[in-house]
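In the numbering used here, the protein residues as written are 180 to 750.
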């Protein structure tokens, strides 16, 4: 039985139950059939005895009619018919009870009584009635009626025997029916008990499996499964659950080893349809590859961060130098602005003096004596102008060198910001913020370079104007010296001097305008240098923030490297 499946057990159980039920119901219906047969037989015998009594009464009535009318053929025919019917009825009873000697004895007695003695007495009555009706009546009373009473006794005895027989048969049938009902009740009780036993035999391991599966659903892999016996479905299910628990325990142990960093664990699927085992194996493989990539990337990120930090420090130092240089250039530009303003004022005075000289020369040549002194003042003023122009030329040269330095610094800053942007691009997501800062630095460096170009152009214009002014003042000084030396010739050359003065006046005006342009250019240079200084300080602040960001990024990279170093990878 242990090797049978549940379906086979159910089929066998229900087959036995059905066979027992069929047997019990057959016994029950057989008992009912016997009871029905006994009842039918009793009814037949009751009918036969009633017919015998009726036929006997018919014969008696016919005899009494004959006694009253001996010549009546109707009564004689009625007697013959009743007698023939009585014989037929007795013969049917005789055939019915061939296998029952006690009943057959009574039937034979009835037959013998009817065929011998009753027929003999009846024949005597018929013979005597035709001649002596009174004697026939005496025979009827003394011989026929006692035989009729004897016949009634035999019929009563037969009926009693039949009733007893039928009662016994009915009792036997009822007993068999009770036995059949008892058998059916026993079968029903046995079926109920067997069902309960079978249900208990099935429910106990099913409940154990249900409890075990519930614990498995809660994640308890230390569950105890019932022992599997036989080859039924529950045993097969138990063995399948045992394999499942073993597989889950193996996966859990592997997952625990992975959780503590041991990636050397190898997950092996139980079969080609083991989705979870295949997924865990793929997860272990991809996780190992990911950790390996992260380890390599962390080393690369650390080296890149170190390089970026060094570059940022260099850029911060360069930005500080640019800020200092810009401060110096700003101070120099302020001095140039002041000098340009003084020179403009001086040129304005010279222009006024020249115009006044022309007016004096034109209004009267009698002031030649005073012109000597005036020419000396002009000579002194020209010397001062020449000296101031020389200083202005030197300052312009200094501005040119400073502007060159600023251009070099801007180029170096642009190059460093480009390198920083390239390194930030290599760093990917981690260097995106630094790339934005490097782009801003490169934009400021480009603005600085553009401003230095403008400053250099302005300085060149200043140098050109100053050179022209120096040359003009040299020439003017030479002419004044010749004029001082040749005061005697002033009278004759006054017209020429007036012309020269008139020629110098526009040039002085041009010089004055150039000084004003140089003054405004110097102010623009000062403003540009102020903006450059602010930009340099912003760059320095940004680089300081970048250094702090790089430091935190370096700490994060070290934490990442220390986190992935605890994983053990398969070689």
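Ideal Cβ placement from N, Cα and C applies to all residues, glycine included.
Given residue i, which residues of its chain have a CB within under 8 Å of its CB, disregarding the five upstream and five downstream residues?
{"i": "residue 312", "result": "246, 249"}
{"i": "residue 333", "result": "285, 288, 289, 292"}
{"i": "residue 392", "result": "420"}
{"i": "residue 628", "result": "586, 589, 590, 593"}
{"i": "residue 660", "result": "558"}
{"i": "residue 244", "result": "251, 253, 254, 257"}
According to DSSP, is residue i helix, strand or coil?
{"i": "residue 207", "result": "helix"}
{"i": "residue 401", "result": "coil"}
{"i": "residue 351", "result": "helix"}
{"i": "residue 311", "result": "coil"}
{"i": "residue 386", "result": "helix"}
{"i": "residue 448", "result": "coil"}
{"i": "residue 580", "result": "helix"}
{"i": "residue 439", "result": "coil"}
{"i": "residue 365", "result": "helix"}
{"i": "residue 504", "result": "helix"}
{"i": "residue 249", "result": "coil"}
{"i": "residue 276", "result": "coil"}
Measure the C-alpha to C-alpha separation of residue i and residue j and round it to an integer number of angstroms.
{"i": "residue 586", "j": "residue 632", "result": "8 Å"}
{"i": "residue 271", "j": "residue 283", "result": "11 Å"}
{"i": "residue 594", "j": "residue 738", "result": "32 Å"}
{"i": "residue 253", "j": "residue 339", "result": "35 Å"}
{"i": "residue 232", "j": "residue 361", "result": "43 Å"}
{"i": "residue 727", "j": "residue 478", "result": "20 Å"}
{"i": "residue 732", "j": "residue 448", "result": "41 Å"}
{"i": "residue 258", "j": "residue 209", "result": "44 Å"}
{"i": "residue 416", "j": "residue 423", "result": "10 Å"}
{"i": "residue 372", "j": "residue 414", "result": "23 Å"}
{"i": "residue 692", "j": "residue 524", "result": "11 Å"}
{"i": "residue 261", "j": "residue 235", "result": "7 Å"}
{"i": "residue 163", "j": "residue 341", "result": "Missing from the structure shown is residue 163; the chain here goes from 180 to 750 and no further."}
{"i": "residue 367", "j": "residue 357", "result": "15 Å"}
{"i": "residue 239", "j": "residue 320", "result": "11 Å"}
{"i": "residue 207", "j": "residue 215", "result": "12 Å"}
{"i": "residue 702", "j": "residue 695", "result": "11 Å"}
{"i": "residue 514", "j": "residue 583", "result": "19 Å"}
{"i": "residue 202", "j": "residue 219", "result": "25 Å"}
{"i": "residue 553", "j": "residue 559", "result": "10 Å"}
{"i": "residue 318", "j": "residue 212", "result": "50 Å"}
{"i": "residue 471", "j": "residue 461", "result": "15 Å"}
{"i": "residue 376", "j": "residue 369", "result": "10 Å"}
{"i": "residue 343", "j": "residue 195", "result": "40 Å"}
{"i": "residue 198", "j": "residue 374", "result": "16 Å"}
{"i": "residue 566", "j": "residue 644", "result": "15 Å"}
{"i": "residue 439", "j": "residue 493", "result": "43 Å"}
{"i": "residue 436", "j": "residue 385", "result": "34 Å"}
{"i": "residue 176", "j": "residue 725", "result": "Lying before the first or after the last residue shown, residue 176 is absent from the chain, which here runs from 180 to 750."}
{"i": "residue 130", "j": "residue 730", "result": "Since the first and last residues shown for the chain are 180 and 750, residue 130 lies out of range."}
{"i": "residue 706", "j": "residue 490", "result": "30 Å"}
{"i": "residue 237", "j": "residue 204", "result": "48 Å"}
{"i": "residue 555", "j": "residue 634", "result": "38 Å"}
{"i": "residue 302", "j": "residue 324", "result": "14 Å"}
Which residues in the same chain have their Cβ closer than 6 Å to the Cβ of residue i, if we skip the five residues on either side of it in sequence?
{"i": "residue 563", "result": "none"}
{"i": "residue 273", "result": "286"}
Query raised in the report: Is it a yes or a no for the region 323-337 touching the region 295-307, going by three-plus beta-carbon pairs under 8 Å?
Result: Yes, the region 323-337 touches the region 295-307.
Query raised in the report: Are there three or more Cβ pairs, one per stretch, closer than 8 Å when the region 362-369 is compared with the region 312-323?
Result: no
Query raised in the report: Do the region 596-604 and the region 615-626 make contact, defined as three or more Cβ pairs closer than 8 Å?
Result: yes
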